[in-house]
Amino acid sequence: MDKSTGVQFQPTCCLYGWVVLAAALFGASAATAQDFDATFPPQLASSAERLMMEQVVDLKRSGQFAEALGTLQKLYDQSRTSLVEAGASHQLATQRAQRYIPLRQWCQSVTRELLEEQPEQRVVYLQQMDGLAAAALASLHVQKDPAEAKQVATRYRLTASGNDLTFYLADLYLERGWSLAAISAIMQVAPELRYSAPKSSPNFPNALNGEASRTWWCAWQACRADSERELLRAMWREQVGGQPGGITEPRLVEALKRLLIAAVMQPQCVDQSAVRAWVQVVVEEFAEPQRAELLKILDASAQWSSWPVSTAWTTFAANAGRAPVCKGSFDLTVWPEWQHPLERYTANSDRVAASKPRVGEYERGTLAYHPVVAHGKIYINEMNRIVAYDLKSGQPWPNVVPALPLFDSRIHAAAYIPLGYPLVGTPRGTLTLAEDALYARLGTPITGWANREAAEDGGSLSYLVGLDLKKQGSVIRGFPLRLTPPEFNGTEFEGCPLVWGELLLAPLVERDNVGLRRSVAAFDRFSGELVWRSAVLAAGTVEGSDRANLITHQLLTMAGGRVFYNTNLGTIVCLDPLTGETEWLTRYQRYDQLKHAHPSPVRFRYRDLNPCVVTQGLVYCMPQDCAELFALDASTGDMVWSSDDVEVDDAVHVLGVCGDCLLVSGDRLLWLDRCRGGVLDRFPGSTTPGSLNALPNPRGLGRGVISADMVYWPTAGEVFVFDADISKQSRKVPPAIRARHRIDSRGSEGGNLMIAADHLVFCGPSRIMVFKGE
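Residues 1 to 774 (my numbering) make up the sequence shown, in order.
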C-alpha cells in the first residue's frame, strides 16, 4: 500500500510480467515454430509494435524509467486491436495451445511493474492521472455507458480510482446480466481469482497440472477427491500470502461479493455450485469482520433467484449459448401428430478431404434442417425459402389460401447449389428468433468462391433477411441486408446471425487467392446499418478447397455478455459485443496431413456446424481442423483439458451438459467428464474408435437432444434413449438403454431432434415430423 496515495499495487502474476515480454519478443514465436503450427493470428502485434516493446526493455535496463513509461503510453494509445502472447504455449493430451491477450492489457501490466519498482515514478504518475480518473468516474455515474466505462477503467486502472472504476464497470455488467463480462472485470481488481497450476507435481492430480492458468472455481469443479481440494486450498493460502490473523483486504471481499452475484444470476454461464463451494472454503482464510460479512452474503445467496432461462428453441441448439435446456419425455412409437415434406439436399458433389461415409448422416440425403419455435409456431429455413407451421396442428402459417412460404428467395431448389465446378461443404438451414423478429441467412450457399460470380454492384451474393412476425412475416425495413463496397469487398455472410440487444451479430468471410479471412460484424437489427466490424480473427485455408467453391456455415455463440467464435481456422476468439474488440484469443494446433507418416481419413472434417458451447464457465470447442475436443475457461481462454486425437475423431455434435457429463455424438454417442475431459463411456461400445476401425452398429444418424435427465439419440429407423448423466454409475456396466422408439421407414435416414414445449420435432432429409409428449 502506498500511504501517500492510498493505492494498493498488487504483485503481478508472471504471466503478465517480464516473462511475458521475453516470450512475446523472443521465446514463444521461435519455440513454437518448430513443433507448433506457425500460423499466427492476424491480430498479432506488428513488427513496429514489437520494436517498441523491445525499446521498453532497453529503457528499463538503462534506468530510463520515465522514457519507458512514455513509450508504454504511446504503445497503449496506438494498439487498439493488437494482441501479444500470454506466456509460452502449453500442451494437454495431443493438443497444444497458445493464449493471446490485448497489447493494451500487456502495456498496463508492464506499467504496473515499473511503478512498483520505482516509487518516485509512481508518485509522478499518480499526480498526472488521479485527477483525470476521478473526473471520469464522476462522469460515468451520470452516463452509465458500459462501453465508455470499459475504456476508462482500462486506461486509469493504476490510479487511486482504479479499483472503483473497475468495480463500477463490473456493476454495470451485472445490472445487464452479463455475468462472464463482470467476472473478467472483477479479475482485473483481484488477480488472485485465477491461479497457475504447477507444471508437474507427484502429489498433484493430472487434471489440475499443466502450464495454463485458470480461475480457482474452474479448478475446484474439476476436483474429484478431498485430497485434491485440500491441495487447492493450500495453493490459495500460498498465493494470497497467508497473512497473520487472516486476509483483511477490502477489495477481495468486494470481488467475492460480485462473483457470487454473477454465479447465482446466470448458473448456466458460471458454475454456481463450484463458485459457492470454493467461496465457502476460502472465506475461512479471512479475518474478522470480513469473514462474517462474507459468510452472511454466502448464506443469503442461497435464497437469491436466477435470471429465468427460456426453454424455447430460439436458435441452433436452443439458445445463444448453444446449450439446450429442455424438458419432457416422448413416445415416438405413435404416429406423428403431423408431417410435411422438405426439400432434399445431397452431398454427392461434396469434396471434403475426409474418407467416406459421412459422419452422422448419409451422402444421398444430408440432415440440413434445424428449426426454431416460438409462440406456438415452428419456422424452417429450407435454404431457398422460409416456411412456418402451427406447432400443434401443422397448418401453414400465415393461414392463407393458397399456402405460401413466409419468405421466398425465388430460387428454385434445383438451382440453389451451383454445379459444374467442384464443391467443398454442404448447406445448412438455421434461424434466429428474437422477440417478434426472425432472422436468417439466404442467397447463394457459396461462402468462398474459387471462381467468383460477381454481383453487378460488387457486393455479396448472400444476404440476411429480417421478418416481423407481428406483421405475418413482413420484411423489416433495411432488409434484405447485403454486404456492399466500399466497406465490404469480396465478402459473404457465413452463417445465421445472433441477436444481442439492438445489435445483429453475423460472421463474415473473405476469400482471395491466398485463403480465407474470418471476422464478425454488428448491424442495427432494426435498420441494418453497420455498427462495428471486428479485426480479422483468423486466416488460413480449408483442406481441399484450393480449387473448389467452399460452402461453410459458421455460427457465433453468446453467453454472459461475451461472444465466442470457433473460427475453424486455428483460433477460438472471445469478443466484446459492444465494440467487437478481442478479449482473448486461443490458438490451437491444426491438423496437418503432411506431418503424418501415414495419411489418415480425418473424419473430423465433417464437423461443419460446430459452434462453441458455453455452459457453467467452460467453452467446449470441437473444431473442424483438428481431431480433438477441448475445453477453455470462459473467463480467461486458458485450455482446461483436451481429448486425444482418437477418442472423438468421429464426433461432429456437442449436444450439451447434464450433471457432470458432456455428451457428444456422431457415429457413436459418448459421455465425457465435463471438467476433466476423460471418456466415461460410449454407445455402441463393441467397436474401437479410430479412423481405421469398423463403423459402429447401430450408427448415429442425426443430432440428438438432451431433455431432463435423458438423451435421445437418432439412428436409422430408431431413436435410443439413455441416461444423460452417468458420472455416478459404475464404469464396468455399459450405458443402459432406457427406451427404444422404432420409427422404421419414417426415419430410416435419421434426423435432427429438437424439443419445443411438449413436442418433439424430427427433421429428416426430406420431411419434418412432430410428436406429442407424454
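Cβ coordinates follow ideal geometry from the N, Cα and C atoms, glycine included.
- Contact between the segment 564-581 and the segment 528-543 is present: three or more C-beta pairs spanning the two stretches fall below 8 Å.
- Burial state of histidine 759 is buried, judged by a 10 Å Cβ sphere holding 16 or more other Cβ atoms.
- Residue pairing by DSSP places tryptophan 671 opposite Leu663, Asp681 in a beta bridge.
- The shortest CA-to-CA distance from serine 306 to any of Met265, Asn610, Ser727, Phe604 is the one to Met265.
- With three or more CB-CB distances shorter than 8 Å, the segment 212-223 counts as touching the segment 276-283.
- By the CB criterion at 7 Å, glycine 717 and glycine 747 fall inside the cutoff.
- One Cα belongs to proline 191, the other to glutamine 221, and the distance between them is close to 19 Å.
- Less than 7 Å divides the Cβ of cysteine 612 from the Cβ of threonine 557.
- Excluding residues up to 5 positions away in sequence, Val602, Asp625, Cys626, Ala627 lie with their Cβ nearer than 7 Å to the Cβ of tyrosine 591 in the same chain.
- Counting along the chain, the unbroken alpha helix (DSSP H) around phenylalanine 167 starts and ends at 162-175.
- Residue pairing by DSSP places histidine 759 opposite Ala756, Lys772 in a beta bridge.
- When DSSP states are grouped into helix, strand and coil, threonine 484 belongs to the coil group.
- In the DSSP secondary-structure assignment, aspartate 524 is bridged to Leu503.
- By alpha-carbon distance to aspartate 408, the top candidate from Pro396, Arg767, Val387, Arg682 is Val387.
- Using a 10 angstroms sphere on the CB of asparagine 163, the tally of other CB atoms reaches 16 or more, which defines it as buried.
- By the C-beta criterion, the segment 88-99 is judged not to be in contact with the segment 116-124, since fewer than 3 inter-stretch pairs fall below 8 Å.
- Here the alpha carbon of valine 705 sits roughly 22 Å from the alpha carbon of arginine 344.
- Judged by DSSP secondary structure, glutamine 280 falls within the alpha helix (DSSP H) whose first and last residues are 272-282.
- Using a Cβ-Cβ distance cut-off of 8 Å, the segment 478-498 and the segment 454-470 are in contact, since at least three pairs of beta carbons, one from each stretch, lie closer than that value.
- The three-state reading of DSSP puts glutamate 148 in helix, counting H, G and I together.
- Non-local beta-carbon contacts of lysine 60 in its own chain, meaning distances under 8 Å to residues more than five positions away in sequence, involve Ala68, Leu114 in chain order.
- For alanine 374, there is no enclosing alpha helix (DSSP H); the enclosing beta strand (DSSP E) has its first and last residue at 372-374.
- Your pair valine 189 and alanine 255 checks out as a contact, with CB atoms roughly 6 Å apart and the cut at 8 Å.
- Under the DSSP assignment, phenylalanine 65 falls in the alpha helix (DSSP H) whose first and last residues are 65-78.
- The Cβ-Cβ distance between valine 424 and alanine 548 falls below 7 Å.
- Judged by their CB atoms, arginine 738 and glutamine 339 are not nearer to each other than the 7 Å cut-off.
- The beta-carbon separation of valine 352 and aspartate 650, rounded to 14 Å, does not stay under the 8 Å limit for a contact.
- Contact check for alanine 147 against threonine 166 fails: the beta carbons are separated by 7 Å or more.
- The continuous alpha helix (DSSP H) containing lysine 60 extends over residues 47-61.
- The segment 473-493 makes no contact with the segment 411-431: fewer than 3 CB pairs, one atom from each, lie closer than 8 Å.
- In this structure, valine 253 places its C-beta atom within 7 Å of the C-beta atom of glutamine 290.
- Linking valine 770 to glycine 328 through their CA atoms gives a straight-line distance of about 14 Å.
- Taking C-beta atoms as the reference points, valine 536 and proline 102 fail to come closer than 7 Å.
- Secondary structure at valine 401: coil, using DSSP grouped into helix, strand and coil.
- Distance from the CA atom of glycine 448 to the CA atom of proline 696, rounded to whole angstroms, is 34 Å.
- Excluding sequence positions up to five before and after isoleucine 755, its CB lies within less than 7 Å of the CB of Cys326, Gly328, Val705, Ser707, all in the same chain and listed in chain order.
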